[in-house]
Amino acid sequence: MTRKTLFFGLVLSALTLGVAACSAAQAPAAATPAPSAQTNIEPTAPPTPSEVEQSLARFDSQGAVEFVVTPLNLTTPNETLDFDISLNTHSVDLSWDLAAQSVLTTDTGLEVKGLNWPVGGGHHYEGTLTFPTKTADGKFLLDGAKTLTLTIQDAGVASRMFEWELSQ
79 MTRKTLFFGL VLSALTLGVA ACSAAQAPAA ATPAPSAQTN IEPTAPPTPS EVEQSLARFD
139 SQGAVEFVVT PLNLTTPNET LDFDISLNTH SVDLSWDLAA QSVLTTDTGL EVKGLNWPVG
199 GGHHYEGTLT FPTKTADGKF LLDGAKTLTL TIQDAGVASR MFEWELSQ
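For the sequence shown, the positions run 79 to 246 when the numbering used here is used.
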């Protein structure tokens with residue numbers, strides 16, 4: 079094959095490819111819809127019980143002990159109001175009788191003392207502190223109340239207070 083034939087073959091191939099590339103049918107661009115004036119808002123799922131418990135948890139880190147207090151039945155009390163209490167420390171014995179050291183009060187002036195706490199020990203302890211739902215004279219503790227305060231005395235510090243807003 080001569081150089082001349084090879085040259086014309088390459089030029090002819092290049093032209094064929096160029097024409098084919100330029101004349102390929104192009105699909106028309108799809109029309110993009112105009113933005114809608116309405117905004118679709120997806121409904122949100124209600125919070126899970128775990129999320130509700132976390133939002134009710136109250137913390138106190140005074141002294142060498144961390145308290146985490148979570149009401150268990152604040153919106154649906156039966157005979158007792160129950161609170162999960164988690165205690166954590168690395169230097170103090172946690173064998174307190176929290177029922178004897180605790181009082182539950184409302185902004186209406188009513189109060190009840192703790193009923194039961196499973197006294198234990200160690201450096202990490204968790205239990206349920208219970209209170210009656212009625213005062214000594216038979217009044218319902220939460221009737222008309224807007225806030226509820228749990229006060230624990232002499233548990234590593236003079237006083238620890240935990241407060242919750244009550245929905246009416």
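Note that the Cβ used here is the ideal one computed from N, Cα and C, for glycine as well. Note that the structure is a prediction, hence the values are computed from the model and not measured.
Cutoff 8 Å; reference T117; Cβ partners in own chain excluding five residues on either side: With a pLDDT of only 49 at T117, under 50, the local geometry of the prediction cannot be trusted, and no value is derived from it.
Spatial distance of A142 from L193 (CA atoms): 26 Å
Inter-stretch contact at 8 Å, needing at least 3 Cβ pairs: the segment 210-219 / the segment 230-243: no
Residues that G205 bridges to, as DSSP identifies them: I163
Residues sharing a beta bridge with W174, DSSP: Paired residues: none, contrary to the question.
CA nearest to the CA of H202, picked from N166, V181 and V235: N166
N-terminal and C-terminal residue of the beta strand (DSSP E) that D138 is part of: R136 to D138
Assigned exposure category for P196 - 16 Cβ within 10 Å defines buried: exposed
Neighbourhood of E144 by C-beta, 6 Å cutoff - its chain only, sequence neighbours within 5 removed: N166
Cα-Cα separation, D162 to R136: 11 Å
For S133, three-class secondary structure by DSSP: helix
8 Å Cβ cutoff met for D175 and F240: no
For G234, the three-state DSSP class (helix, strand or coil): coil
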